[in-house]
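2 protein chains.
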Amino acid sequence: MDAPPIGDVFGELLRDAYAVRTGIGPRPLAGGRVPRPVIEIIERDDGLINGAPADQYLSEPDDWQPHDHRALRLVRGAVLDIGAGAGRIAIELQRRGTAVTGLDISAGAIEIARRRGLRDTVRCTVDEYARAPARYDTFLLLGNNLALLESRERAPEFLAALAALARPGARIIAQGTDPYGTTDPVHVSYHERNRARGRLGGQLRLRLRYRLLATDWFDYLVCSVAELESLLAGTGWRLISIDDADRPYYLAVMELTN
Amino acid sequence: MDAPPIGDVFGELLRDAYAVRTGIGPRPLAGGRVPRPVIEIIERDDGLINGAPADQYLSEPDDWQPHDHRALRLVRGAVLDIGAGAGRIAIELQRRGTAVTGLDISAGAIEIARRRGLRDTVRCTVDEYARAPARYDTFLLLGNNLALLESRERAPEFLAALAALARPGARIIAQGTDPYGTTDPVHVSYHERNRARGRLGGQLRLRLRYRLLATDWFDYLVCSVAELESLLAGTGWRLISIDDADRPYYLAVMELTN
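See below:
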């Protein structure tokens, strides 16, 4: 088979998941009649392939994990929700009267977030947005979006973009996952292989697929709290609290110190 | 990436789905702690990739589609359940006091079916089993297993193996899906491409993937009732009824005429 064409995998996935959930728009059908669940397919560069139901991106607060609710209690001031997707978090903040902007690189994700009622959206990377005049008090990286730090090389750039968008005393509220609690040999040997290549153990190399489309391969950093602290060194961001009540998931709060 | 290693994808998938459902055996975990849903990944040779929750293979009668129940009302005598998987259908027949053998080529599937209580199992192809002395009154091809006919070339061999295993007046009860109700251009153009290559429109070329493993590519025949009738010509099997109340799914009953 040829390499699959590159496209807005996440947007297509959310559009279909939204159609299945709401009945609005054409739904993916089995046999032309029966709605089929929308599954996000995640390939790792060691050949591991996993599927995950996409409906989670549209879940309502009653179905969220407890740490999502605790994260929102830490929000203050104007919020930039980074990797906002279909607006799961941002729409809830907006409903509560918080000033919130949803940022995503996926055109399809932004379209669905707006269709679901999110008013303030921006489709670009944080680097591009850092050249805009907008300023924020809180940056949200929920739904495992701490992984958007990508790598030792990328993390300082990403954090510098947030610093450029920050009001004094701004905070990042990020949800991460400690990758090292597993004993699964498939994952343990992947971590070792990564380290042998000079990468962080949980620096996953992934691509997403949905139907005929794929993304390019990208780094997705599943890091421990200790690794996060080392990545923050020299960035101006300081770790001020960790909430790991829902291990292996954790919430990290970082504040700008300068 | 290299081609993934070939292995018992279906067996691994069922083993994990069984562990998630029952808590017996090691479960696939996210972050080493959180059970994750087991998803079967299906690749088609045009690059289409889909995921389907594997838990359906372990579903209890209350969760079945109506046509599964109607199929079991058509059963008579000794039953060979072909592509029995984790024993969803065969275990229910056994519970009802029917003499039933579960046949599957997957060692892992047979292991799980036996662990769930299915007593009479055989791990081989129908061709291999046709050399055994066993004889049956009913052959079941449920859960879309009519697709095991594969192709114009393979169907007569497959049906000859069942004829060799048949008692006089034996019947096949098969569940198929009419592929031609769709207007999805991805599927319509795939059907056209197949026909241009001399294949039946719904003669899917698939492979399954789960975690690190893949199957070889195989043909999986999603055919209309008219196509099924043409495949039966000269095989000794005659179509005696079609139940298409759950379109696009249908139940076909075939009887041996000689």
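Heads up: the sequence lines are chains Y and R, in that order. To get our numbering, take the position in the first sequence, counting from 1, and add 4. To get our numbering, take the position in the second sequence, counting from 1, and add 4. Glycine is no exception: its CB is placed at the ideal position from the N, C-alpha and C atoms. Computed from a prediction, not measured in an experiment: that's the story for all the values here.
Determine the extent of the beta strand (DSSP E) in which residue i is found, giving its start and end residues.
i	result
Glu44 of chain Y	Ile43 to Arg48
Thr181 of chain R	Ala170 to Thr181
Tyr254 of chain Y	Tyr253 to Leu260
Val130 of chain Y	Taken as a continuous stretch (DSSP letters only), Val130 of chain Y belongs to no beta strand (DSSP E), being part of the alpha helix (DSSP H) at Val130 to Tyr133.
Leu84 of chain Y	Val83 to Ile86
Can you look up residue i in the DSSP assignment and give me helix, strand or coil?
i	result
Gln69 of chain R	coil
Asp108 of chain Y	strand
Asp12 of chain Y	coil
Asn148 of chain Y	coil
Glu161 of chain R	helix
Gly55 of chain R	strand
Glu64 of chain Y	coil
Ala218 of chain R	strand
Thr292 of chain R	In the structure as shown, chain R begins at 5 and stops at 262. Residue 292 of chain R is therefore absent and cannot be evaluated.
Arg213 of chain Y	strand
Leu2 of chain R	Summary: the structure shown does not reach residue 2 of chain R, with chain R confined to residues 5 through 262, and so no result is reported for it.
Asp6 of chain R	coil
Val38 of chain R	strand
Asp20 of chain R	helix
Do you know how far the Cα of residue j is from the Cα of residue i?
i	j	result
Ala134 of chain Y	Ala256 of chain Y	22 Å
Thr129 of chain R	Val24 of chain Y	38 Å
Phe162 of chain Y	Asp124 of chain R	60 Å
Ala167 of chain R	Asp188 of chain R	37 Å
Pro252 of chain Y	Pro160 of chain R	54 Å
Tyr22 of chain R	Ala138 of chain R	30 Å
Ser193 of chain R	Gly101 of chain R	46 Å
Gly240 of chain Y	Ile28 of chain Y	45 Å
Ala58 of chain R	Gly55 of chain Y	11 Å
Ile146 of chain Y	Ile43 of chain R	The sequence given here places Leu at residue 146 of chain Y; Ile does not occur at that position. Between Leu146 of chain Y and Ile43 of chain R, the C-alpha separation is close to 24 Å.
Asp131 of chain Y	Ile109 of chain Y	11 Å
Pro70 of chain Y	Ala249 of chain Y	9 Å
Gly173 of chain R	Val38 of chain R	52 Å
Ile177 of chain R	Gly205 of chain R	23 Å
Thr105 of chain R	Glu115 of chain R	14 Å
Gly185 of chain R	Ala165 of chain R	31 Å
Ile45 of chain Y	Arg213 of chain R	11 Å
Leu169 of chain R	His191 of chain R	36 Å
Arg127 of chain R	Glu259 of chain R	25 Å
Does the CB of residue i have a neighbour CB from chain R at under 8 Å?
i	result
Ile28 of chain Y	no
Ile45 of chain Y	yes
Pro8 of chain Y	yes
Between which two residues does the alpha helix (DSSP H) holding residue i run?
i	result
Tyr194 of chain Y	Pro189 to Ala200
Ile244 of chain Y	Careful: Ile244 of chain Y lies outside any alpha helix (DSSP H), inside the beta strand (DSSP E) at Trp241 to Asp247.
Val229 of chain R	Val229 to Leu236
Ser97 of chain Y	The sequence as given places Leu at residue 97 of chain Y; Ser does not occur at that position. Run containing Leu97 of chain Y: Arg92 to Arg99, per the alpha helix (DSSP H) assignment.
Closest Cβ-Cβ distance between residue i and chain Y: below 8 Å?
i	result
Pro41 of chain R	yes
Leu33 of chain R	yes
Pro137 of chain R	no
Within 7 Å: the Cβ of residue i and any heavy atom of the ligand HEM?
i	result
Asp59 of chain Y	The model depicted lacks the ligand HEM and carries no ligand whatsoever.
Is there at least one Cβ from chain B nearer than 8 Å to residue i's Cβ?
i	result
Ser63 of chain Y	In the displayed structure, chain B is absent; the protein chains listed are Y and R.
(message) Taking beta-carbon pairs under 9 Å, can you tell me which members of the stretch 182-206 of chain Y lie near chain R?
(response) Asp182, Pro183, Tyr184, Gly185, Thr186, Thr187, Asp188, Val190 and His191
(request) Could you list the residues in the stretch 49-71 of chain Y with a C-beta less than 8 Å from some C-beta on chain R, going in chain order? (result) Asp49, Asp50, Gly51, Leu52, Ile53, Asn54, Gly55, Ala56 and Pro57
(request) Return the residues of the stretch 210-236 of chain Y that lie within a Cβ-Cβ distance of less than 7 Å from chain R, sorted by chain order. (result) Arg213, Arg215 and Leu216
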